[in-house]
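K.L.:
First the structure, which I've put down as structure tokens, then a few questions once you've had a look.
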Amino acid sequence: MDLISDLANLVNSTLVFTTALIFGAMGGLFSERSGVFNIGIEGMMTGGAFAAAIATWYAEKAGYGAASPWLGLAAGIVCGIMISLLLAVAAVTLKANQAVVGVVINILAAAITLYLVKIIFNGAGDTDVLSDVYSKWAIPWLSDIPFFGKALFNTYPTTYMAYVLVPLCSYLLFKTPFGLRLRSVGEHPGASDTVGINVTKYRYIGVLISGLLAGMGGAAITLTTTGNFSHSTVSGQGFIALAAMIFGRWSPWGVFGATFFFGMAQALRNFVKLYDWSKDIPMEFLYMFPYVLTLLVLAGAVGKSVKGPAAAGEPYDPSKR
Amino acid sequence: MTKWSRIFIKSNVWIPLIAIVLGLLCGAIVMWIGGYNAWSAYSALWQKVSGSKYDIGETIRTITPLLFTGLSVGFAFRAGLFNIGADGQFIMGMTGATIVGIKLHGLPWIVHAPIAVIVGALVGGLWGAIAGVLKSSRGVNEVISCIMLNWIALYLSNYLVRTLVLEKGQQRSQMIQDSASLSIGWLSKAMDNARMDGGIWVALICVAVFYVLLWRTKQGYELRAVGHNADAAKVAGIDVKSSLLKSMMISGIFAGLGGVFEVLGVFHYQVISAASSGYGFDGIAVALLGGNHPIGILLGSILFGVLTYGSAGMNFTANVPTEIVRIVIGCIIFFVASHGFIQMLLNPRKPRRSSKKKGAVERGSDLGLG
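See the structure below:
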């Protein structure tokens, strides 16, 4: 009985941690499927987390109350898109090296957000703790189901959005003309161009969707788990999202599985502390566990099939067609 | 000699220079928006760096790890690998040196210090080799394995320091034995007690090693061939798998050495920390700015070291947050990367040529994730 309720709690908090990762990883997926390698997910999430914190803070002060986190989420999305525009212009239009621009985005996002926080909050390294953040919604009827109600249907609005996101992305990428074109641009831009698909346009769309989703992911961290913004709010989750995208083999459901796995690893850290036997295990091993397991799984899975979109990373140059 | 003149004649020497100017300009604009005086901030930066012997010494200390990780990332880029794991290799190098530096007793300096250096470098190299093995034997993308290995290295080294060599009541290791120290006492005295160590000399040797290995040996030729086009290299009879493994190992040794000198030369202990130092990621930036050429990496690390160390002065004198320097660095790399933009500025009438990719800098991208 008690174990079941603990398990439900574990699944619940796993899904909360998964939320940010899944937004980030889906963002990476769209960019990479369109042929733009996006290592800047971390920076876009940082930007989203920062904008969400600042917008929510101002909205709180202006007296918007419960609407504040929604304004924060919107700000996070806008900020994510703006950052991704930098990647799109540099990588698609100026044909810059995509890995480099991604690294630049990570450096700039981390520095500019902290710079602005220090200016706005008089030299402090983190924002004030927000009071109007998302609270958990219990869905009527569904939340009364034993176990599943507690595990799945009593959680943050951002997590509900993540539930919808996975099937939506899967449908968009694999069942619509838009998705087909986006993927074709990432596999063989020359051929797509020949049949009249505008490569530049689709790559811009892919990168901007990437920024939108990563910004949402960052905002979700601020507005659910941490409740404020500091240099450690995102702390590598963008890179984990990137790893989850590769681990999930560039498919939305695979990505969901991989992010759930990393999310569970994060949730487990807090979960096992409830039990006495956990004192015998060094905490470091617990922290290491998901990364070691990922390596083992990747090493065990025969590598040849783990290939990303063929043209990801290469700027498209019509003169070389 | 012809080589040198060619480097300076090549028009793309202008690109980094213009990028640096544009980057500083962007920083000035950001400071202006934030309500700071950019001029006094930059002069404070320069004064901090060149102010006293102590500051010059400490600037060199800041440059050293950047040079090591820059060489590490650059070397892997040359072989067509994106070594995002220099961070983990750096940490493992630190840990190896710390444990050997503390646990071995009663050895003379001439034995103990070299052992500590070699062990640290090898541990870093092995950490890189793990990613190399996974890549060559199982086809695991090195970006993902390196990200995983970075986290594993962080927690593993925390565990080892905590259980093996913890200083009681503190979140750090004990001090290393004096016989393992690589601090250079007389040089520190001469530089008003700046923390001077053997690191920068070894780093400069590594710059030479980087060049000789890649451009003066058969192995290096093979590595570069793999970096340019792995398929063609394979057809030409080059053992691609062992080349990948070797380059990750050497790359890891460079990064590991960076960690070694942080412990043996500078701090003499290792801290248990929740996050990595970030030197590995700075190394990516250094390598990119330096075009993966050893001399370029040296110049890049000097620039980043000067900016990083000088940022403390900006903060102290002009009250500007130190992050401004990171913004400048980011902008500089951005402008180097999108050199099409600078070429347009330089020569607006000439139609922008589709960037003819040359060398491994650009190769780094089309590794992408494939």
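Chains A and B, in that order, are what the protein sequence lines are. Numbering-wise (the numbering used here), the first sequence opens with residue 4 and increments by one. Numbering-wise (the numbering used here), the second sequence opens with residue 2 and increments by one. Positions of the beta carbon are idealized from the N, C-alpha and C atoms, including for glycine.
How far does the alpha helix (DSSP H) with Asp193(B) in it reach, from first residue to last?
P.N.:
Looking at the DSSP string, Asp193(B) is not in any alpha helix (DSSP H), and its letter there is neither H nor E.
K.L.:
Taking C-alpha atoms, which residue in Phe78(B), Tyr37(B), Val326(B) and Gln178(B) lies nearest to His113(B)?
P.N.:
Gln178(B)
K.L.:
Which whole-angstrom value is the C-beta distance of Gly241(A) and Ile115(A), which I expect to be below 8 angstroms?
P.N.:
With 8 angstroms as the limit, Gly241(A) and Ile115(A) do not qualify as a contact, their Cβ atoms being about 16 angstroms apart.
K.L.:
Since Val307(B) is in the alpha helix (DSSP H), which residue starts that stretch and which ends it?
P.N.:
Pro295 to Ala319
K.L.:
Would you say Trp152(B) lies against chain A (beta-carbon separation less than 8 angstroms)?
P.N.:
yes
K.L.:
Would you tell me roughly how many angstroms separate the C-alpha atoms of Leu135(B) and Glu143(B), rounded to the nearest one?
P.N.:
8 angstroms
K.L.:
Cα separation between Thr227(A) and Trp216(B)?
P.N.:
53 angstroms
K.L.:
To the nearest angstrom, how far is the alpha carbon of Gly189(A) from that of Ala244(A)?
P.N.:
20 angstroms
K.L.:
Alpha carbon to alpha carbon, how far is Gly284(B) from His229(B)?
P.N.:
For Gly284(B) and His229(B), the distance between alpha carbons rounds to 21 angstroms.
K.L.:
Beta-carbon of Thr297(A) versus every beta-carbon of chain B: anything under 8 angstroms?
P.N.:
Closer than 8 angstroms: yes.
K.L.:
Whether or not the stretch 95 to 107 of chain A and the stretch 116 to 127 of chain A are in contact is what I'm after, with contact meaning three or more pairs of Cβ atoms, one per stretch, closer than 8 angstroms; do they touch?
P.N.:
no
K.L.:
Can you list, in chain order, the residues of its chain with a C-beta nearer than 8 angstroms to that of Thr130(A)? Leave out the 5 residues immediately preceding and following it.
P.N.:
Ala56, Ile57, Trp60, Val120, Ile123, Phe124, Asn231, Phe232 and Ser233
K.L.:
Which residues of the stretch 50 to 84 of chain A have a Cβ closer than 7 angstroms to any Cβ of chain B? Give them in chain order.
P.N.:
Hits within the stretch: zero.
K.L.:
Less than 8 angstroms between the C-beta atoms of Ala130(B) and Ser146(B), yes or no?
P.N.:
no
K.L.:
Report the residue ranges of all alpha helix (DSSP H) runs contained in full by the stretch 82 to 164 of chain A; include only those spanning at least 4 residues, in chain order.
P.N.:
DSSP runs (the alpha helix (DSSP H)) wholly in the stretch 82 to 164 of chain A: 101 to 123 and 151 to 155.
K.L.:
If we cut at 8 angstroms on Cβ distances, does Gly306(A) have a partner in chain B?
P.N.:
Confidence at Gly306(A) is low in this model, with a pLDDT of 49, below 50, so its placement is unreliable and no value can be given for it.
K.L.:
According to DSSP, is Val227(B) helix, strand or coil?
P.N.:
helix
K.L.:
In the stretch 324 to 340 of chain B, which residues sit with their C-beta less than 7 angstroms from some C-beta in chain A, listed in chain order?
P.N.:
Cβ contacts with chain A come from Glu324, Ile325, Arg327, Ile328, Ile330, Gly331, Ile334, Phe335, Ala338 and Ser339.
K.L.:
Can the beta-carbon of Gly79(A) be found closer than 8 angstroms to that of Met219(A)?
P.N.:
Yes; because the gap between Cβ atoms is below 8 angstroms, this pair is in contact.
K.L.:
Shorter than 8 angstroms from the beta carbon of Lys121(A) to some beta carbon of chain B?
P.N.:
yes
K.L.:
Identify whether Ile173(B) lies in helix, strand or coil by the three-state DSSP scheme.
P.N.:
Just to set this straight, residue 173(B) is Arg in the shown sequence, not Ile. Of the three classes helix, strand and coil, the one that applies to Arg173(B) here is strand, per DSSP.
K.L.:
Is the Cβ of Val213(B) closer than 8 angstroms to any Cβ of chain A?
P.N.:
no
K.L.:
With DSSP as the reference, label Ser184(B) as helix, strand or coil.
P.N.:
strand
K.L.:
Counting C-beta neighbours from all protein chains within 10 Å, is the total for Gly301(B) 16 or more, i.e. buried, or is it exposed?
P.N.:
buried
K.L.:
Report the rounded CA-to-CA distance for Phe250(A) versus Leu301(A), giving the unit in angstroms.
P.N.:
7 angstroms
K.L.:
Put Val166(B) into one of helix, strand or coil per three-state DSSP.
P.N.:
Reduced to three states, the DSSP call for Val166(B) is coil.
K.L.:
Cβ of Thr125(B) within 8 angstroms of Cβ of Leu258(B)?
P.N.:
In the sequence as displayed, the identity of residue 125(B) is Gly instead of Thr. Yes, these two residues count as a Cβ contact at 8 angstroms.
K.L.:
Between Ile111(B) and Val295(A), which are expected to be in contact by the criterion C-beta below 8 angstroms, what is the C-beta distance as a whole number of angstroms?
P.N.:
The pair is not a contact, with the Cβ atoms about 39 angstroms apart (cut-off 8 angstroms).
K.L.:
Let me know the secondary structure DSSP gives Val169(A) once reduced to three states.
P.N.:
helix
K.L.:
Where do the N-terminal and C-terminal ends of the alpha helix (DSSP H) with His340(B) fall, by residue?
P.N.:
His340 to Leu347
K.L.:
Roughly how many whole angstroms lie between the Cα atoms of Val14(B) and Gly292(B)?
P.N.:
10 angstroms
K.L.:
With a threshold of 16 other CB atoms inside 10 Å of the CB of Lys153(A), please say whether the residue is buried or exposed.
P.N.:
buried
K.L.:
What span of residues does the alpha helix (DSSP H) with Arg186(A) cover, start to end?
P.N.:
Pro180 to Glu190
K.L.:
Quick one: residues in its chain with C-beta nearer than 6 angstroms to the C-beta of Leu67(B), no 5 flanking neighbours on either side, listed in chain order?
P.N.:
Apart from the 5 residues on each side of it in sequence, Leu67(B) sits with its Cβ closer than 6 angstroms to the Cβ of Asp283, Val287, Ser302, Phe305 and Gly306 in its chain, given in chain order.
K.L.:
Would you call the CB atoms of Tyr280(B) and Lys49(B) closer than 8 angstroms?
P.N.:
no
K.L.:
Could you list which residues in chain B have their beta carbon closer than 8 angstroms to that of Glu287(A), in chain order?
P.N.:
Tyr156, Leu157, Asn159, Tyr160 and Arg163
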